[in-house]
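Okay, structure first, notes after.
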Amino acid sequence: MSSIYIYWDESHLWGLLVWRALRAFGLPYRLVRAKEISQGLLSRKPPVALVVPGGMARRKFELLGDEGVREIQDYVSGGGVYFGFCGGAGLGLTGRHGLGLCPWKRRAFTDRLQHAMSGHMRVRPARDNALTPQTLSEAPLLPVWWPARFEPSPDDGVNVLAAYQAPGPDFWVADIPLDSIPRGALDDLETIHDLSIWPHFMVDQPCLVEGHYGQGRYVLSYTHLETPASRDANLWLAHLIHKLTGLCSRDGAALTPAWNLEALPRRWADEDGGEDLARAKAGLEGSIREGSQEMLFFQRNSWLLGWRRGIPGASLNALYSMVCQAQSISPCAEAQSYWHEQAPRFLETLELFRHGLTGYLLSERLAMTTSGTNNAIPENVLSEQRMALFGSRMSHGGIFAELISVMDELLFLTLTGDTQ
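Here it is in structure tokens:
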């Protein structure tokens, strides 16, 4: 049976979510790299579908190169199926760093706060489309994690499967849980301070679309249908896969299980490198505790951190999730060999990273305390610390880049060798 391919590069946490969903559904999958795609994998061994998880669309595009872009276009136009989530949806659009499968473009934000939306949104589903499950509620809840936006254009063959309606109970704007502010008080604050906190700009905007490209199909979603334990989203994902590939979930499964990172069992033996992975996990948990004590981090759910706006918590969350998941899968020989070679340097670099992170988090906390005083910490000082640790906001860099690169390769080898 042909597999569903998961385009792994630059996916990190979001690649893990897709992998968990397909694994939970009992569907055949294979992780693939941009290099394999550019060398003709899709034409030699066509998958039943190509899934592109979230992550930076620009980096995914650059890694594909001209050859890889043409390979995906040829695959889909020849009858293939493309699923793109968040960054993968952006990659499927038309534009400078897009595949051009969908004629729509990415819509620009008019306010940086508009990109800081996360949690579940109630949506309006297209009931007359066969790709919409008929068992969904009238206003199903679908999760978004800092989504971009579509720029619709008329009469271009793009079908909207879902549009945003209203925030759900776990919806946040940056570091503010929207439900924590009474609506009347929020309206008053927005008027007094000339702010827009409630996500009016999202209402009626498309978030899940589908269409044809040549003989093939694409589904682009700024909602993360693969989110753990998100009932409506998981049901819709299983339905889409079945309708577009013919593959059925094992035993009718249509729910991705909850994902408690801290409680994941450890399956690497100490002698195979498990002790080093446990040290890495414990070290990252220590850094998360430090940030929590400084009121910069907080726990959103069992797999997702929250963070004060401007703090690079997403990067730390990604690295922590990857370490936790890596140690929870029995390693193949290739993964063991790679980690044996990389572990000493990784742990040494991690300690350097954690030392710098401690200083940076304290600086951010002091900056909050001294804001508006004569002794306020200049933003350029904080920016230099962030750059040294994490790189710029638009690409991974600094010490973090080395750590995430090692863990990315270790997970690729581990998941590729996983026999469920």
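Residues 1 to 420 in full-length UniProt numbering are what the sequence shown spells out, letter by letter.
The C-beta atom is built at its ideal place from N, Cα and C for all residues, glycine as well.
Restricting to Cα atoms, I'd like to know which of 180, 48 and 66 is closest to residue 79.
Here residue 79 refers to the residue found at position 79 when the sequence shown is read from its first residue. Considering only alpha carbons, the answer is 48.
Would you check if the distance between the CB atom of residue 131 and the CB atom of residue 210 is smaller than 8 Å?
In the sequence shown, residue 131 corresponds to position 131, counting from 1. In the sequence shown, residue 210 corresponds to position 210, counting from 1. In terms of Cβ geometry, residue 131 and residue 210 form a close pair [threshold 8 Å].
Measuring CB to CB, does residue 336 end up less than 8 Å from residue 273?
Taking the first residue of the sequence shown as 1, we reach residue 336 at position 336. Taking the first residue of the sequence shown as 1, we reach residue 273 at position 273. In this structure, residue 336 places its C-beta atom within 8 Å of the C-beta atom of residue 273.
If you measure between the beta carbons of residue 76 and residue 214, is that distance less than 8 Å?
Numbered from its first residue, the sequence shown carries residue 76 at position 76. Numbered from its first residue, the sequence shown carries residue 214 at position 214. In this structure, residue 214 lies closer than 8 Å to residue 76 by Cβ.
Proximity to residue 334 [Cα-Cα], best of 389, 362, 289 and 412:
In the sequence shown, residue 334 corresponds to position 334, counting from 1. Taking only the C-alpha atoms, the option nearest residue 334 is 412.
Can you check whether the CB of residue 143 is closer than 8 Å to the CB of residue 11?
Here the question's residue 11 lines up with position 11 in the sequence shown. Here the question's residue 143 lines up with position 143 in the sequence shown. Cβ atoms of residue 11 and residue 143: not closer than 8 Å.
Pick helix, strand or coil for residue 104, following the three-state DSSP scheme.
To locate residue 104, count along the sequence shown from 1; it is residue 104. If DSSP states are grouped into helix, strand and coil, residue 104 belongs with coil.
Which term fits residue 346, buried or exposed, when burial requires 16 or more other beta carbons within 10 angstroms of its beta carbon?
As a working mapping, residue 346 is identified with position 346 in the sequence shown. The residue in question, residue 346, is buried, as its Cβ has 16 or more Cβ neighbours within 10 Å.
Beta-bridge pairing of residue 122 - partner residues as DSSP gives them
For this step, residue 122 is matched to residue 122 along the sequence shown. DSSP, once it has assigned bridges, lists 141 and 166 as partnering residue 122.
If I'm right that residue 148 touches residue 125 with Cβ under 8 Å, what's the distance once you round it to whole angstroms?
By one-based count along the sequence shown, residue 148 stands at place 148. By one-based count along the sequence shown, residue 125 stands at place 125. Going by Cβ atoms, the distance from residue 148 to residue 125 rounds to 21 Å, so no, they are not a contact pair.
So residue 57 packs on residue 100, CB below 8 Å; how close in whole Å?
Numbered from 1 along the sequence shown, position 57 holds the residue referred to as residue 57. Numbered from 1 along the sequence shown, position 100 holds the residue referred to as residue 100. Actually they are not in contact, since the Cβ atoms of residue 57 and residue 100 sit about 13 Å apart, beyond 8 Å.
So who's on the other strand from residue 399, going by DSSP bridges?
For the purposes of this step, residue 399 is identified with residue 399 of the sequence shown, where counting begins at 1. DSSP lists no partner for residue 399.
Contact defined as beta carbons within less than 8 Å: I believe residue 221 pairs with residue 235. What is the distance between those atoms, to the nearest angstrom?
Position 221 of the sequence shown, counting from 1, holds the residue named residue 221. Position 235 of the sequence shown, counting from 1, holds the residue named residue 235. With 8 Å as the limit, residue 221 and residue 235 do not qualify as a contact, their Cβ atoms being about 14 Å apart.
State the beta-bridge partners of residue 154 as determined by DSSP.
Numbered from 1 along the sequence shown, position 154 holds the residue referred to as residue 154. In DSSP, residue 154 forms no bridge with anything.
On the three-pair Cβ rule with 8 Å, is the stretch 149–161 touching the stretch 195–207?
yes
What number of angstroms, rounded off, separates the C-alpha of residue 421 from the C-alpha of residue 68?
No answer is possible for residue 421: the residues shown for the chain start at 1 and end at 420.
Please classify residue 353 as buried or exposed, where buried requires at least 16 other C-beta atoms within 10 Å of its C-beta.
The residue given as residue 353 occupies position 353 in the sequence shown. Result: buried.
Short check: CB of residue 133 to CB of residue 85, under 8 Å?
Indexing the sequence shown from 1 puts residue 133 at position 133. Indexing the sequence shown from 1 puts residue 85 at position 85. No, these two residues do not count as a Cβ contact at 8 Å.
Check: residue 141 C-beta below 7 Å from any heavy atom of the ligand MG:
By its list of ligands, the structure shown contains no ligand whatsoever, and the ligand MG lies outside what it can speak to.
Out of curiosity, what's the CA-to-CA distance linking residue 240 and residue 71?
The residue you call residue 240 lines up with position 240 of the sequence shown. The residue you call residue 71 lines up with position 71 of the sequence shown. Cα to Cα, the separation comes out at about 23 Å.
May I ask which residues mark the beginning and end of the beta strand (DSSP E) holding residue 210?
Indexing the sequence shown from 1 puts residue 210 at position 210. Per DSSP, the unbroken beta strand (DSSP E) holding residue 210 starts and ends at 206–213.
Beta-carbon gap between residue 224 and residue 172 smaller than 8 Å:
The sequence position of residue 224 within the sequence shown is 224, counting from 1. The sequence position of residue 172 within the sequence shown is 172, counting from 1. No, these two residues do not count as a Cβ contact at 8 Å.
Applying the criterion that 16 or more other CB atoms from any shown protein chain within 10 Å of the CB defines a buried residue, is residue 117 buried or exposed?
By 1-based counting over the sequence shown, the position of residue 117 is 117. Its Cβ being crowded by 16 or more others within 10 Å, residue 117 is buried.
When we look at the beta-carbon of residue 191 and count the other beta-carbons within 10 Å, is it buried (16 or more) or exposed?
Along the sequence shown, one-based indexing puts residue 191 at 191. Its Cβ having fewer than 16 others within 10 Å, residue 191 is exposed.
Short Cβ contact (8 Å threshold) for residue 60 with residue 7
Residue 60 sits at position 60 when you count from the first residue of the sequence shown. Residue 7 sits at position 7 when you count from the first residue of the sequence shown. Closer than 8 Å, so yes.
Using 10 angstroms around the beta-carbon of residue 344, count the other beta-carbons present and answer buried if the total reaches 16, otherwise exposed.
The residue you call residue 344 lines up with position 344 of the sequence shown. Per the 10 Å Cβ criterion, exposed.
When the Cα atoms are used, what is the spatial distance from residue 109 to residue 217?
Counted from its first residue, the sequence shown places residue 109 at position 109. Counted from its first residue, the sequence shown places residue 217 at position 217. Distance between the alpha carbons of residue 109 and residue 217: 28 Å.
Quick check: the stretch 255–271 against the stretch 298–314, are there 3 or more CB pairs under 8 Å?
yes
Residue nearest to residue 14 in terms of C-alpha spacing, selected from 266, 321, 46 and 105:
Here the question's residue 14 lines up with position 14 in the sequence shown. Considering only alpha carbons, the answer is 321.
So, under 8 Å CB-CB, residue 430 and residue 288 are touching, yes? Tell me the CB distance rounded to an integer number of Å.
Because the chain in this structure spans residues 1 to 420, residue 430 falls outside the shown range and cannot be described.
Going by beta carbon distance, what residues of the same chain come within less than 7 Å of residue 340, once the five residues before and after it are set aside?
Indexing the sequence shown from 1 puts residue 340 at position 340. Around residue 340: 273.
Return the Cβ separation of residue 367 and residue 377 in integer angstroms, given the expectation that the two are a contact with Cβ distance under 8 Å.
Along the sequence shown, one-based indexing puts residue 367 at 367. Along the sequence shown, one-based indexing puts residue 377 at 377. Between the beta-carbon of residue 367 and that of residue 377 there is about 4 Å, and that keeps the pair under the 8 Å contact cut.
Assign residue 221 to one of three DSSP states: helix, strand, or coil.
Numbered from its first residue, the sequence shown carries residue 221 at position 221. Strand.
Between which two residues does the beta strand (DSSP E) harbouring residue 136 extend?
Reading the sequence shown from its first residue, position 136 is the one you call residue 136. Unbroken run through residue 136: none, as it is neither H nor E.
Straight-line gap, residue 31 to residue 408 (C-alpha atoms, nearest Å)
Numbered from its first residue, the sequence shown carries residue 31 at position 31. Numbered from its first residue, the sequence shown carries residue 408 at position 408. Rounded to the nearest angstrom, the two C-alpha atoms are 12 Å apart.
Simplified DSSP assignment, three categories, for residue 171:
Along the sequence shown, read from residue 1 onward, the residue named residue 171 stands at position 171. Residue 171: coil per DSSP, three-state reduction.
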